[in-house]
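All remarks here apply to the structure that follows.
Protein chains: 2
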Amino acid sequence: MVDNVTSVNTPTFIVNEAVALRNITAFQSHCNEVGLALRPHIKTHKSIHFAKAQMAAGAIGITCQKISEAEAMINSGINDILITFNIIGPEKLGRLRALSSRLAALSVVADNAEVIQGLGQAFEAAPLPLTILVECDTGAGRCGVQTPKAALELAEKISHISGLIFGGLMTYPAANGSKDAAQFMRDTKQLLGAKGIVCPVVSSGGSPDMWNATTAGIITEYRIGTYIYNDRSLVQRGTCTWGECAGHVLATVVSIPTPDRAIIDAGSKVLTSDLLGFSDYGHVVGKPEIKIVGLSEEHGVLAVTPERQLVIGERIRIVPNHVCVVSNMFDDIWIEDENGSLAELQIDARGCVI
Amino acid sequence: MVDNVTSVNTPTFIVNEAVALRNITAFQSHCNEVGLALRPHIKTHKSIHFAKAQMAAGAIGITCQKISEAEAMINSGINDILITFNIIGPEKLGRLRALSSRLAALSVVADNAEVIQGLGQAFEAAPLPLTILVECDTGAGRCGVQTPKAALELAEKISHISGLIFGGLMTYPAANGSKDAAQFMRDTKQLLGAKGIVCPVVSSGGSPDMWNATTAGIITEYRIGTYIYNDRSLVQRGTCTWGECAGHVLATVVSIPTPDRAIIDAGSKVLTSDLLGFSDYGHVVGKPEIKIVGLSEEHGVLAVTPERQLVIGERIRIVPNHVCVVSNMFDDIWIEDENGSLAELQIDARGCVI
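Below, the structure is given as structure tokens:
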């Protein structure tokens with residue numbers, strides 16, 4: 016615990032706790048109002064501390080992208096986890112079975128027969144069956160079956176395997192593509208219904224279009240990660256304001272080699288090279304005219320103006336373009352309270368890519 | 016220790032030890048032939064294991080970019096470290112002083128009076144003085160004084176502070192800009208000589224132009240990082256061959272949603288978004304016609320061709336665009352020997368950005 020931000024070493028990542036908690040509450044309220052269950056994605060914070068805050072606000076469970084993330088969350092008391100990734104190979108399937116025995120509810124997704132077959136073999140003799148949602152590609156062009164008919168076929172396959180339960184449908188829709196996603200889901204549910212297959216969960220998600228999230232008469236739950244911290248890309252889209260950005264990189268000016276250039280101690284090993292459509296590497300809080308025009312691994316190159324100079328030793332705060340990859344660069348971050356005091360927080364699932 | 020690559024979980028990072036050692040030896044031989052001392056930069060491997068291999072091959076010491084990297088290396092038996100970064104603030108200066116007392120030789124760089132003043136205060140009453148090289152900007156546009164005259168002024172300043180020793184000049188030249196760098200250094204050394212200031216070290220570096228590295232009648236040591244693993248960017252420049260790329264990301268195909276798209280379990284939290292001039296995210300070993308066209312955090316999107324399909328569960332090896340940022344994503348990597356056996360290696364300085 017330190018008194019204020021001048022006592023922490025740079026570069027580092029600082030989360031304003033009040034802002035983060037307000038972001039959690041605001042979207043939970045939205046989901047409550049529109050009748051969506053909320054299942055936050057921990058990929059953004061990777062922290063038991065914030066996962067618990069999301070559960071306390073009313074989340075039904077959490078989403079993880081990788082099995083190692085779920086393992087890192089399992090000691091938090093959180094009992095309901097959805098892993099939104101095709102899990103393949105005997106070692107991971109063994110870990111999945113071990114996870115299953117320690118949770119009240121574990122579900123995963125699958126978008127192909129090979130993955131379902133592997134899951135079936137792993138859970139054939141398990142004490143509890145595994146719930147599987149069929150992942151549908153509704154326009155994002157990543158994983159997912161391409162048609163409602165293909166979703167039906169996988170659902171039927173799952174239903175015929177003794178260790179598995181068909182739990183419903185999951186999609187990560189294209190940004191602003193929630194209408195198409197809903198129609199794909201409606202068409203699929205109709206096909207399922209015609210075969211007498213129950214589809215309890217229809218899971219959608221995504222931060223960019225979060226305030227337009229509704230059930231659309233079909234969606235039951237929403238997965239969302241970035242909303243807890245927010246970032247420059249979401250400000251750009253109009254999803255949030257700068258004041259709602261809870262996560263800042265704190266960096267120090269270490270050199271001013273020329274009147275139009277300053278160098279900070281944060282480079283691509285902190286800010287990452289994620290541009291998300293921008294041509295520079297973050298928003299300098301309170302000094303938007305200063306551009307982070309280049310990064311090497313440990314240096315950030317700032318274009319400064321004669322009107323707005325920096326001084327060596329000065330600290331700046333940066334809202335990253337894409338906060339989810341930036342917070343993942345740190346083993347520990349700092350949580351800032353309303354008095355400006357800071358406490359260190361270990362990032363439980365940092366680097367959990369397995 | 017595992018027998019072969021099918022037993023390791025993906026995504027992960029694999030280093031072929033024989034290739035890495037050959038890369039170390041080859042450039043050490045080049046430096047020996049041209050009369051340059053070699054001071055490898057550990058930023059690429061961040062590992063005591065490989066730093067020791069570099070020292071055993073004939074390196075005079077190592078380069079670190081950050082003080083926390085140097086701290087991570089200090090238990091390796093390596094006694095000579097150069098930190099090529101302006102160190103600012105009482106906490107870091109205290110750590111620098113502590114480091115100094117545990118090493119036979121510690122040097123840092125500085126490119127401005129404020130940094131020199133801080134270093135002077137920290138080492139005023141230290142048992143041993145600190146050696147400082149003046150960083151010169153010879154065209155790369157990052158840190159560094161802009162003129163030989165400015166370098167002279169800082170050298171004079173250092174010489175007048177009791178806890179500090181002027182150790183020479185350092186530059187990170189622009190790619191293929193070694194001629195300009197040498198001229199800047201010659202001009203500066205002439206100014207220094209006229210004032211009776213000895214300049215024992217002139218340090219240059221950089222992997223892209225490594226095979227053209229010579230003393231140019233002025234350079235005494237060379238700093239280089241990427242050469243140990245090499246990467247796609249260096250193949251593109253003609254610096255190395257694919258066979259000389261020691262570091263591969265191993266990933267698994269988890270989904271083939273359409274005939275022209277496959278998804279792997281490595282995204283931007285593994286491969287990073289570093290493009291280095293490419294339009295895609297790495298080179299698929301043995302299958303160069305397959306392009307990694309998109310990354311989300313944990314998914315890589317591959318464009319596949321009808322002629323060269325992949326199958327679900329298949330593993331691919333990827334030479335990253337920029338290996339230094341990719342190896343930094345893993346707490347542990349795998350070292351592959353000539354029989355294909357693999358041993359896990361902890362990355363001692365991963366994430367050491369302070």
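These protein sequence lines are chains P and X, in that order. Taken in order, the first sequence gives residues 16 to 369; the numbers are from our numbering. Taken in order, the second sequence gives residues 16 to 369; the numbers are from our numbering. In this text, a Cβ means the ideal position worked out from N, Cα and C, and glycines have one as well. As the structure is a computational prediction, the values presented were derived from the model and not from experiment.
So C339/X contacts chain P; which residues on that side make the cut at Cβ distance below 7 Å? E312
What is the DSSP secondary structure of I176/X, reduced to helix, strand or coil? coil
Going by CA-CA distance only, name the one from S44/P, G240/P, E313/P that's closest to T267/P. E313/P
Residues of the segment 266-300 of chain X with a CB closer than 8 Å to any CB of chain P: list them in chain order, please. T267, V269, S270, I271, P272, T273, R276, I278, D280, A281, S283, K284, V285, T287, S288, D289, L290
Short of 7 Å in beta carbon distance, which residues of its chain neighbour D371/P, apart from the five on each side in sequence? Order them along the chain. There is simply no residue 371/P to check, as chain P begins at 16 and stops at 369 in what is shown.
Closest to G109/X by C-alpha separation, out of E139/X, K172/X, A120/X, D95/X, would be which residue? E139/X
Keeping to the same chain, check which residues put their C-beta closer than 8 Å to that of L290/X; ignore five residues upstream and five downstream. Y296, N336
Do we get a CB-CB distance below 8 Å when we pair G109/P with the residues of chain X? no
Close Cβ partners of K81/X (< 8 Å) along its chain, the five nearest in sequence each way excluded: I98, F100, C367, V368, I369
Starting from M344/P, find everything on chain X with Cβ-Cβ shorter than 9 Å and list it in chain order. N343, M344, G366, V368
Is it a yes or a no for the segment 254-269 of chain P touching the segment 326-340 of chain P, going by three-plus beta-carbon pairs under 8 Å? yes
Compare the C-beta of G159/X with all C-beta atoms of chain P and state if any pair is closer than 8 Å. yes
Counting only runs of 4+ residues fully inside the segment 151-228 of chain X, write out the alpha helix (DSSP H) ranges in chain order. 163-174, 193-209
For my contact list, P74/P and L51/P are in at a C-beta cut-off of 8 Å; report their separation, rounded to the angstrom. The sequence as given places Ala at residue 74/P; Pro does not occur at that position. With 8 Å as the limit, A74/P and L51/P do not qualify as a contact, their Cβ atoms being about 11 Å apart.
Does the CB of Q80/P have a neighbour CB from chain X at under 8 Å? yes
Listed by chain order, chain P residues near G135/X by CB distance under 7 Å: By Cβ distance, chain P contributes nothing, its closest Cβ being about 15 Å from G135/X, past 7 Å.
Please classify H64/X: does DSSP put it in a helix, a strand, or coil? helix
To the nearest angstrom, how far is the alpha carbon of P105/P from that of E150/X? 53 Å
Going straight from the alpha carbon of D202/X to that of G221/X, what length do you get? 21 Å
Evaluate the contact criterion for the segment 110-123 of chain X versus the segment 89-97 of chain X: three or more CB pairs, one atom per stretch, below 8 Å. yes
Quick one, which of K107/X, M70/X, I103/X has its alpha-carbon nearest S91/X's? M70/X
Closer than 8 Å, CB to CB, is D195/X near chain P or not? no
List the endpoints of the continuous beta strand (DSSP E) containing S270/P. 262-273
Below-8 Å beta-carbon distance, V316/X vs any chain P residue: yes
Between the Cα of Y242/P and those of R112/P, A155/P, R252/P, spot the shortest distance and give me the residue it belongs to. R252/P
Close-in-space but distant-in-sequence residues of the same chain around T153/P (CB under 6 Å, 5 per side omitted): T186, P188, D195, A196, F199
Please name the residue or residues paired with L97/P in a DSSP beta bridge. T78/P, S122/P
Give me the Cα-Cα distance between V130/P and I279/P, rounded to the nearest whole angstrom. 46 Å
Buried or exposed for P321/P, going by 16 or more other Cβ atoms inside 10 Å? exposed
Consult DSSP for F138/X and reduce its assignment to one of helix, strand or coil. helix
Measuring straight from C-alpha to C-alpha, what distance separates I348/P and I102/P? 30 Å
Taking the CB atoms as reference points, tell me whether V264/P and V216/P lie closer together than 8 Å. no
Tell me whether H298/X sits in a helix, a strand or coil according to DSSP, three-state version. strand
Does the beta carbon of P26/X come closer than 8 Å to any beta carbon on chain P? yes
Just to confirm, are I180/P and P144/P a CB contact at a threshold of 8 Å? yes
Count the other CB atoms, across all protein chains shown, that sit within 10 Å of the CB of G232/X; report buried if there are 16 or more and exposed otherwise. exposed
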